[in-house]
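Heads up: the structure comes next, in structure tokens.
Chains as they are written, first to last, in the working numbering: chain A, 776 to 942; chain B, 16 to 77.
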């Protein structure tokens, strides 16, 4: 049976082979690196694609690379060793910044890049919704958060924190 | 004003501390818990709503 590090190895291979320029885990799996585990059934991965002359951002070359290795894309996910992975091209400056600032974690001797917790909070609040807000609070309450960095991110990207009236 | 905390306060403090302890678990243990949650919750979720095709427990080891 495959293991989660096998999935991370595929992400690292995509980067080392230049299929993507960089990546960082996002979503609930990224939160797990800093806070308590919560249930999720997919793995969000923010990616930076190599520069291209194409006017439209496309994951086609990435999917082709994965398909050649037996990992079949289906709708918005790719099954990598049975784990549904959603590759999300960096869609704004905040997500780009999360990838640039990603922390290199070690999982069973496999390196894995994970969005910093402060970025995860900012991304969750920017995207909105109850579940994401809950994720932001979860990180705030149980992870080691650099509040100055978080405040800078929220200010820079014009994100109004829901707790601004709490304190 | 009394400085003694109520049983409810104690309960919330204990709960908060439990969450903090969970957050400090080794990564591999947290992934093991995640995989367990996926398995436990799946039949319950399935009973309550339509699940997407990819909403299945992961067939991987931690």
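The beta-carbon is built from N, C-alpha and C at its ideal position, and this holds for glycine as well.
Those residues which DSSP pairs with residue 879 (chain A) across a bridge: In the DSSP assignment, residue 879 (chain A) forms a beta bridge with A:888.
Chain B contact for residue 811 (chain A) (CB, 8 Å cutoff): Yes, its Cβ sits closer than 8 Å to a Cβ of chain B.
Cα-Cα separation between residue 831 (chain A) and residue 838 (chain A), rounded to whole angstroms: So the two alpha carbons sit approximately 16 Å from each other.
Minimum Cβ-Cβ distance from residue 872 (chain A) to chain B less than 8 Å: Residue contact check for residue 872 (chain A) against chain B: no CB pair falls below 8 Å.
Pair within 8 Å by beta-carbon distance, residue 794 (chain A) and residue 858 (chain A): Residue 794 (chain A) places its beta carbon 8 Å or farther from that of residue 858 (chain A).
Of the residues A:778, A:874 and A:834, the one placed nearest residue 861 (chain A), counting alpha carbons only: Minimum Cα distance to residue 861 (chain A) is reached at A:834.
Beta-carbon gap between residue 43 (chain B) and residue 72 (chain B) smaller than 8 Å: No.
Within-8 Å CB hit, residue 49 (chain B) to chain A: The beta-carbon of residue 49 (chain B) is placed less than 8 Å from the nearest beta-carbon of chain A.
For residue 799 (chain A): DSSP bridge partner residues: For residue 799 (chain A), which the question treats as bridged, DSSP gives the partners A:821.
Residue 892 (chain A) at chain B interface by Cβ criterion, 8 Å: No - not a single Cβ of chain B is within 8 Å of the one on residue 892 (chain A).
DSSP beta-bridge partners of residue 862 (chain A): According to DSSP, which records beta bridges pairwise, residue 862 (chain A) is partnered with A:820.
Cross-strand partners of residue 65 (chain B) (DSSP beta bridge): Beta-bridge pairing by DSSP links residue 65 (chain B) to no other residue.
Minimum Cβ-Cβ distance from residue 933 (chain A) to chain B less than 8 Å: At a cut-off of 8 Å, the C-beta of residue 933 (chain A) has no neighbouring C-beta in chain B.
C-beta neighbour in chain A for residue 70 (chain B), strict 8 Å: Look at residue 70 (chain B): its C-beta is under 8 Å from a C-beta on chain A.
Residue span of the alpha helix (DSSP H) that contains residue 831 (chain A), given as start and end: Neither: residue 831 (chain A) is in no alpha helix (DSSP H) and is coded neither H nor E.
Through-space distance from residue 25 (chain B) to residue 822 (chain A), alpha-carbon basis: Their backbone Cα atoms lie some 44 Å apart in a straight line.
Straight-line Cα distance separating residue 816 (chain A) from residue 755 (chain A): With chain A covering 776 to 942 only, the question about residue 755 (chain A) has no answer from this structure.
Strand pairing of residue 856 (chain A), partner residues [DSSP]: Looking at the DSSP assignment, residue 856 (chain A) forms no beta bridge with any residue, so it has no partner.
Start-to-end residues for the alpha helix (DSSP H) that takes in residue 846 (chain A): Where residue 846 (chain A) is concerned, there is no enclosing alpha helix (DSSP H), because DSSP gives it neither an H nor an E.
Contacts of residue 889 (chain A) in chain B (Cβ-Cβ under 9 Å): Against chain B, the beta carbon of residue 889 (chain A) has no neighbour under 9 Å; the closest one sits roughly 10 Å away.
Cα-Cα separation, residue 39 (chain B) to residue 807 (chain A): For residue 39 (chain B) and residue 807 (chain A), the distance between alpha carbons rounds to 10 Å.
Cβ pair residue 863 (chain A), residue 892 (chain A) closer than 8 Å: In this structure, residue 892 (chain A) does not lie closer than 8 Å to residue 863 (chain A) by Cβ.
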